[in-house]
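Asks:
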Amino acid sequence: MPWFLPLFVFGLFAWVFYEAIEKYAKKKNTSFWLNVVLAVRWLPPVQLALMLIVRLIALIQRDGTHIEVARYMGSGGFSYSDLKLILTGDGGFESIVLVIVLFTLFSERLPSIANARRDLRQGFRNRMMMFSGLVLLLFSTTLFPETAYYSPSTLPPNPIGTIPSWHTLVPLLLFMGLAMFGGELFAVSTLFFAGENFQTLARRARNKVLLLALTTIIWLSLSVHIDEGWLQKIPEIGLLLPLILMLHLGVCLATVIQPAVQIESELNHGDGRSWAMMVLAATMALLVLILTPLHLDQIGVFGTGLGPYVYGFWVAAVAVSVMMLVQFLPALGFDAAPRPEIWWMKMTLMFSPIVLCLFTPFALFLIPAIWLALPWSSLAPWFIERDVASPSPSFVLYPVLFTTVMCAVLPFSWDEPFLASIWFGWIPGAMATIGLTLHVKQSGKIFEHNSEDE
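Residue numbers (this note's numbering): 79 to 532.
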């Protein structure tokens with residue numbers, strides 16, 4: 079069925095715009111359009127279930143025309159141990175994606191938001207669908223590799239290996255958890271006035287993402303072989319590239335993006351807002367433009383001359399340019415955030431490595447700079463805008479500045495700067511969020527105390 083995978087990609091693409099499709103269908107209010115919405119919603123999970131059923135039937139029948147049966151089993155009778163291949167082989171990718179899409183579809187029934195209004199729960203599900211559809215689309219070439227769907231003419235005459243071991247499930251499960259709970263944080267960050275139920279869900283999702291992120295970093299440190307130049311071979315190492323990118327999304331959402339929505343809602347009208355935006359944009363751009371070429375220089379792929387700096391500057395310039403261009407989106411109506419310009423800057427910068435990795439895997443080296451740049455998007459308005467009470471510089475500004483410099487410089491003294499940046503790069507974001515959260519709470523207490531005195 080040559081149309082099967084293109085139809086699946088179309089279904090994921092429709093998920094990204096599902097909210098608009100659903101609104102149009104409700105406006106038409108005909109049985110045809112309501113059925114269209116239902117088909118769009120359930121097309122990806124139904125197709126994934128069919129893909130897994132086809133694999134299961136091939137395993138049970140020992141179908142020699144199926145690529146995985148020919149690769150690992152050959153002729154013979156069925157054994158229950160053969161079912162292991164459903165999870166550890168190419169079917170493992172399809173299985174985790176099926177879990178992700180089913181979790182997304184049933185996310186409106188999560189216990190944390192069960193008592194929320196129906197329209198808010200459906201809005202949460204729609205934003206989850208947008209996030210899941212976009213992420214799965216961007217990672218589709220890795221999650222659904224071409225080698226898993228070769229034609230029978232390419233089958234090997236005899237088995238060429240044993241069934242993969244259970245430990246291959248570790249990166250799959252980490253990717254699945256980061257995708258599901260990262261999607262929760264993304265959805266909550268777009269519904270910042272939805273109520274306390276959603277804040278409870280956000281706190282739980284943050285804790286789960288941070289725990290999974292730590293586990294992922296430990297797994298990466300134990301699994302990669304530094305002396306073999308793993309970063310140069312990263313596109314060839316299965317799920318490693320999407321796992322690192324998913325780790326990047328999870329850390330950004332948990333430490334900066336989602337908490338900042340609540341923090342920025344406490345800002346005032348913005349006296350000096352334009353100046354704050356200019357300083358913020360310049361700071362974030364400089365961090366990305368300087369650190370990305372330095373990290374590329376460390377892997378030695380582009381030689382010892384200007385190669386890594388030219389390439390790194392080009393990749394960073396693309397990310398920064400898009401970050402600047404999205405400043406026009408709030409003027410077009412995309413302003414559902416307390417500080418829409420800053421929100422779009424952060425979201426664009428966060429997603430830029432994932433989009434650029436479609437063209438070059440070395441866009442991965444944007445991550446260390448982005449992790450250090452994003453915290454300043456939260457700090458800048460509080461210290462530059464004149465109509466808001468700034469936190470104590472010694473409590474927030476100076477510690478974040480110090481840790482940013484240290485996390486930018488120290489990794490280059492390690493054998494593997496990129497891995498060191500992953501270990502320490504989240505610290506400035508966490509410090510900025512904790513400091514500003516405590517400042518907002520303290521300011522609220524002072525305001526309540528003054529109100530009582532009056």
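C-beta atoms are modelled at their ideal positions from N, C-alpha and C, and glycine is treated no differently.
#1: By the three-class DSSP mapping on this structure, what secondary structure does residue 351 have?
#2: Note down the Cα distance separating residue 469 from residue 130, rounded to an integer number of angstroms.
#3: For residue 284, does the three-state DSSP call read helix, strand or coil?
#4: Under 8 Å, do residue 446 and residue 369 count as touching if we go by C-beta distance?
#5: Straight-line CA distance for residue 477 to residue 420?
#6: Any chance the region 248-256 sits against the region 343-363, with 3 or more Cβ pairs inside 8 Å?
#7: Taking 8 Å as the threshold, find out whether the region 188-207 comes into contact with the region 254-267 through three or more Cβ pairs.
#8: Thinking residue 457 and residue 503 are a contact (beta carbons under 8 Å), I'd like their distance in whole angstroms, please.
#9: Quick one: grab the DSSP three-state call for residue 151.
#10: In angstroms, rounded to a whole number, what distance separates the CA positions of residue 86 and residue 164?
#11: Helix or strand or just coil, what does DSSP make of residue 113?
#12: When DSSP labels each residue in this structure, what does residue 244 get in the three-state scheme?
#13: By the 10 Å Cβ neighbour count, where 16 or more other Cβ atoms means buried, how is residue 159 classified, buried or exposed?
#14: If you follow the alpha helix (DSSP H) that residue 432 is part of, which residue opens it and which one closes it?
#15: For residue 380, does the three-state DSSP call read helix, strand or coil?
#16: If you draw a straight line from the C-alpha of residue 382 to the C-alpha of residue 390, how long is it?
#17: Rounded to a whole number of angstroms, what is the C-alpha to C-alpha distance between residue 217 and residue 436?
#18: Which residues in the same chain have their Cβ closer than 7 Å to the Cβ of residue 180, if we skip the five residues on either side of it in sequence?
#19: Please classify residue 81 as buried or exposed, where buried requires at least 16 neighbouring CB atoms within 10 angstroms.
#20: Looking at the secondary structure, which residues open and close the alpha helix (DSSP H) in which residue 92 lies?
#21: Just to check my reading of the structure: residue 212 and residue 256 have Cβ atoms closer than 8 Å, yes? What is that Cβ distance to the nearest angstrom?
#22: CA-CA distance, residue 95 and residue 433?
#23: Can you check which of these residues, 145, 340, 401, is closest to residue 361 by C-alpha distance?
#24: Can you tell me whether DSSP reads residue 333 as helix, strand or coil?
#25: Starting from residue 392, trace the alpha helix (DSSP H) in both directions and tell me its first and last residue.
#26: To which residues of the same chain is residue 484 closer than 7 Å at the C-beta, ignoring the five residues directly before and after it?
#27: Would you identify the three-state DSSP class for residue 521, choosing helix, strand or coil?
#28: To which residues of the same chain is residue 520 closer than 8 Å at the C-beta, ignoring the five residues directly before and after it?
#29: Pop quiz: residue 206 and residue 335 are said to be a contact at Cβ under 8 Å. What is the actual Cβ separation, rounded to whole angstroms?
#30: Alpha carbon to alpha carbon, how far is residue 301 from residue 319? Give it in angstroms, no decimals.
#31: Just to confirm my understanding: we take residue 510, look at its own chain, exclude 5 residues before and 5 after, and list those with CB closer than 6 Å. What are they?
#32: Kindly indicate the opening and closing residues of the alpha helix (DSSP H) around residue 35.
#33: Run through DSSP, which three-state label would residue 188 get?
#34: Taking only the alpha-carbon atoms, compute the straight-line gap between residue 92 and residue 488 and give it to the nearest angstrom.
Replies: Considering the structure as presented:
#1: Position 273 of the sequence shown, counting from 1, holds the residue named residue 351. Reduced to three states, the DSSP call for residue 351 is helix.
#2: The residue given as residue 469 occupies position 391 in the sequence shown. The residue given as residue 130 occupies position 52 in the sequence shown. Each residue's Cα considered, the two are about 54 Å apart.
#3: Indexing the sequence shown from 1 puts residue 284 at position 206. Residue state, collapsed to three classes: helix.
#4: Taking the first residue of the sequence shown as position 1, residue 446 is located at position 368. Taking the first residue of the sequence shown as position 1, residue 369 is located at position 291. Cβ distance < 8 Å, so residue 446 and residue 369 count as in contact.
#5: The residue labelled residue 477 in the question sits at position 399 within the sequence shown. The residue labelled residue 420 in the question sits at position 342 within the sequence shown. Their Cα atoms are separated by approximately 22 Å.
#6: Contact between the region 248-256 and the region 343-363 is absent, because fewer than three Cβ pairs lie under 8 Å.
#7: yes
#8: The count along the sequence shown starts at 1 and reaches residue 457 at position 379. The count along the sequence shown starts at 1 and reaches residue 503 at position 425. Actually they are not in contact, since the Cβ atoms of residue 457 and residue 503 sit about 16 Å apart, beyond 8 Å.
#9: Within the sequence shown, residue 151 is the residue found at index 73, counting from 1. Residue 151: coil per DSSP, three-state reduction.
#10: Working through the sequence shown from its first residue, we reach residue 86 at position 8. Working through the sequence shown from its first residue, we reach residue 164 at position 86. One C-alpha to the other measures close to 20 Å.
#11: As a working mapping, residue 113 is identified with position 35 in the sequence shown. Three-state DSSP puts residue 113 in a helix.
#12: Here residue 244 refers to the residue found at position 166 of the sequence shown. Correct three-state label for residue 244: helix.
#13: By one-based count along the sequence shown, residue 159 stands at place 81. So residue 159 counts as exposed.
#14: As a working mapping, residue 432 is identified with position 354 in the sequence shown. Looking at the DSSP string, the run of the alpha helix (DSSP H) that includes residue 432 is 418-434.
#15: To locate residue 380, count along the sequence shown from 1; it is residue 302. Note: residue 380 maps to coil in three-state DSSP.
#16: Here the question's residue 382 lines up with position 304 in the sequence shown. Here the question's residue 390 lines up with position 312 in the sequence shown. Approximately 13 Å, taken between the alpha carbons.
#17: Residue mapping note: residue 217 aligns to position 139 of the sequence shown, counting from 1. Residue mapping note: residue 436 aligns to position 358 of the sequence shown, counting from 1. One C-alpha to the other measures close to 8 Å.
#18: On the sequence shown, residue 180 is found 102 positions in, with the first residue counted as 1. So the qualifying residues of the chain are 123.
#19: In the sequence shown, residue 81 corresponds to position 3, counting from 1. Per the 10 Å Cβ criterion, exposed.
#20: The count along the sequence shown starts at 1 and reaches residue 92 at position 14. Start and end: 82-94.
#21: The residue you call residue 212 lines up with position 134 of the sequence shown. The residue you call residue 256 lines up with position 178 of the sequence shown. Wrong, their Cβ atoms sit about 14 Å apart, outside the cutoff.
#22: For the purposes of this step, residue 95 is taken as residue 17 along the sequence shown, with counting starting at 1. For the purposes of this step, residue 433 is taken as residue 355 along the sequence shown, with counting starting at 1. Taking the straight line joining both Cα atoms gives about 18 Å.
#23: Sequence index remark: in the sequence shown, residue 361 carries index 283 (1-based). It is 401.
#24: In the sequence shown, residue 333 corresponds to position 255, counting from 1. Residue 333: helix per DSSP, three-state reduction.
#25: Walking along the sequence shown from the start, residue 392 turns up at place 314. Here the alpha helix (DSSP H) through residue 392 covers 385-403.
#26: Mapped onto the sequence shown, residue 484 falls at position 406. Cβ neighbours of residue 484 beyond the five flanking positions: none.
#27: Numbered from 1 along the sequence shown, position 443 holds the residue referred to as residue 521. The answer is helix: DSSP assigns residue 521 an H, G or I state.
#28: The residue you call residue 520 lines up with position 442 of the sequence shown. Cβ neighbours of residue 520 beyond the five flanking positions: none.
#29: As a position in the sequence shown, residue 206 is number 128, starting the count at 1. As a position in the sequence shown, residue 335 is number 257, starting the count at 1. Between residue 335 and residue 206 the Cβ distance is about 15 Å, and since that is not below 8 Å, they are no contact.
#30: Stepping through the sequence shown from its first residue, residue 319 is reached at position 241. Stepping through the sequence shown from its first residue, residue 301 is reached at position 223. Taking the straight line from one Cα to the other gives about 13 Å.
#31: Counting from 1 along the sequence shown, the entry for residue 510 is found at position 432. Here the set comprises 453, 456, 457, 478.
#32: With the chain covering 79 to 532 only, the question about residue 35 has no answer from this structure.
#33: Taking the sequence shown and counting its residues from 1, one reaches residue 188 at position 110. In the structure shown, residue 188 sits in coil (DSSP, three-state: anything other than H, G, I, E or B).
#34: On the sequence shown, position 14 is the one that residue 92 refers to. On the sequence shown, position 410 is the one that residue 488 refers to. Going by the C-alpha atoms only, they are around 44 Å apart.
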